[in-house]
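Everything on this sheet refers to the single structure shown next.
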Amino acid sequence: MKVLILSGDYVEDYELFAPIKALEMLDVDVHVVCPDKKSGDIVQTAVHYFDGWQTHSENIGHPFELTHTFADIKLDEYAGLVVPGGRFPEYQRNDQRVLDIVKFFFDKNLPVAALCHGLQILAAAGVLKGRSCSAVHTCKLDVIAGGGTYVDFHMLSKNVHVDGNLVSAPAYPAIGVWMREFIKLLGFKVQFSS
93 MKVLILSGDY VEDYELFAPI KALEMLDVDV HVVCPDKKSG DIVQTAVHYF DGWQTHSENI
153 GHPFELTHTF ADIKLDEYAG LVVPGGRFPE YQRNDQRVLD IVKFFFDKNL PVAALCHGLQ
213 ILAAAGVLKG RSCSAVHTCK LDVIAGGGTY VDFHMLSKNV HVDGNLVSAP AYPAIGVWMR
273 EFIKLLGFKV QFSS
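According to my numbering, the sequence shown is numbered sequentially starting from 93.
Spelled out as structure tokens, the structure:
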């Protein structure tokens, strides 16, 4: 099974690395791409801190080496899509190629996991009409403008919202429950023996 993850410079560090590791643990072939970049190119991540100010602060995260070339992806090969947050959704929501990828997954009703600012891309793609989702509170108006209903969770909560094939959460503290629901939609069942 293959899952596609969208990324770009200043993708949120945790929101990129944690889903990769969670999916790899289940033997999923994870392909991370960025428009106009190739396999082996680097995207710079950012670490966001919610530290009591009116907005989050941002520090340099780990450099990430892309696993695949954007121009070479074949969408029919993927079982699901992950759209992390960070700063990259601000500019990639203006890239029609990215919007077309998102529309493909929704048109096929394939699982999509979007977190934090990642919902900006979904709103721009027009796939939130008639749906409900969560996002970081600063993206509430993006969700509403995109035709969606905003589900208001505290940004540091471990809450997740599922609406059909869409799994969303407000920010990185919810990564565990966000991935849990996404892997269920992919068809995995995790069991523990006694």
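Positions of the beta carbon are idealized from the N, C-alpha and C atoms, including for glycine.
Burial check for residue 283: the Cβ neighbour count within 10 Å stays below 16, so the residue is exposed.
In the DSSP assignment, residue 242 is bridged to 225.
Counted as a single uninterrupted DSSP element, the beta strand (DSSP E) harbouring residue 97 occupies residues 94-98. Cβ-Cβ distances below 6 Å link residue 150 to 138 and 140 in the same chain, with the five nearest sequence neighbours on each side left out; the list follows chain order.
Within the same chain, and ignoring the five residues on either side of residue 227 in sequence, the residues whose Cβ sits closer than 6 Å to its Cβ are 211 and 235.
When C-beta atoms of the stretch 109-118 are compared with those of the stretch 263-275, three or more pairs fall below 8 Å, so the two segments count as touching. In this model, residue 220 and residue 103 are separated by some 21 Å (Cα to Cα).
Nearest in C-alpha terms to residue 125, of all of 157, 105, 106 and 153, is 157. By the Cβ neighbour-count rule, residue 177 is buried, with 16 or more other Cβ atoms within 10 Å of its own.
DSSP places residue 168 within a helical segment (H, G or I) once states are collapsed to three.
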